[in-house]
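Student: Could you have a look at this structure, given as C-alpha cells, before my questions?
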Amino acid sequence: PTYACLCAQFATNFTSTFIQTFLPTYFRDEPMIPLSMNGLYTMISCVVQIFTRSGCSIVADRLKQKGFLNVTAAAKIFQSLCGAGIAISLICLAFLPSCDRSWIAAISLIFYGISYSFGIPGYNTALLSISPQHSGTLSSMMMLSGTLASISSPMLMSLL
C-alpha cells in the first residue's frame, strides 16, 4: 500500500505540475485563447478544487459511516475515480477544443478539477490508514515523491 500511495502522489504531482507549467502555452498556441483570457482558463481547475475537495471527502466519509464502504474500498474507489477522471479530462483537453470551441477546454478543466479532488479521500486517506503511528514518516515520503514529480515533470516534458 505504501508504494501505491507513493506512485499516486508522484502521478498526481507530475500531472498537476505539467498542467500548471504548460497550460498557458497550450492555450496560446492551440485554441488560440487571447492572453487576457489565458489566466482565467488556467485557474479554472484550481477554483473548482476549492469547492470539490471538501465535498469529495465528505461524501467518502458518509459512505464509510453508513457502512456502504470500508476504508480500503473507499480509498481504492476514489483513487480510481481520480486517475480515470484526470486521464479522460486531459485526453479531452488535447483533442476536443478548437479556436471556435474554446469553451470545451473550460469544461475539460472543470472535470479535471473535480477528478483531482477525488484523490483526497483516495491516496491521501489511504496514507493515514496504512500506519497511523508512522504517519509523519509516511507524509515525508509522500512529500519527497511529490517534490521529485514536480521537479521531473517540466524537465521530461521539455524533452518531448
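If you count the sequence shown from 1, position 99 lands on 95 in my numbering, and the numbers rise without skipping.
Positions of the beta carbon are idealized from the N, C-alpha and C atoms, including for glycine.
These numbers were taken from a predicted model, which means no experiment stands behind them.
Within the stretch 23 to 99, note down every full alpha helix (DSSP H) run reaching 4 residues or more, in order along the chain.
Tutor: Listed in chain order, they are 31 to 61, 67 to 91.
Student: Hey, could you find the ends of the alpha helix (DSSP H) residue 116 is sitting in?
Tutor: Looking at the DSSP string, residue 116 is not in any alpha helix (DSSP H), and its letter there is neither H nor E.
Student: Ordered along the chain, which non-local residues of its own chain (more than five positions away) have a Cβ less than 6 Å from that of residue 107?
Tutor: So the list reads 85, once near-sequence residues are dropped.
Student: Starting from residue 149 and walking both ways along the alpha helix (DSSP H), at which residues does that stretch end?
Tutor: Its alpha helix (DSSP H) spans residues 131 to 155.
Student: Once the 5 residues before and after residue 45 are set aside, which same chain residues still bring their CB inside 7 Å of it?
Tutor: Here the set comprises 109, 112, 113.
Student: Measuring only between beta-carbons, confirm whether residue 64 sits less than 7 Å from chain B.
Tutor: Protein chains in the displayed structure number just one, and chain B is not present.
Student: Would the C-beta of residue 58 count as close to the ligand COA, meaning under 6 Å from any of its heavy atoms?
Tutor: For the ligand COA, the structure offers nothing, since it holds no ligand at all.
Student: Give me the Cα-Cα distance between residue 130 and residue 35, rounded to the nearest whole angstrom.
Tutor: Each residue's Cα considered, the two are about 40 Å apart.
Student: Where do the ends of the alpha helix (DSSP H) carrying residue 125 lie?
Tutor: Residues 121 to 126.
Student: If you measure between the beta carbons of residue 115 and residue 11, is that distance less than 7 Å?
Tutor: Their beta carbons are not under 7 Å apart, which means residue 115 does not touch residue 11 by this criterion.
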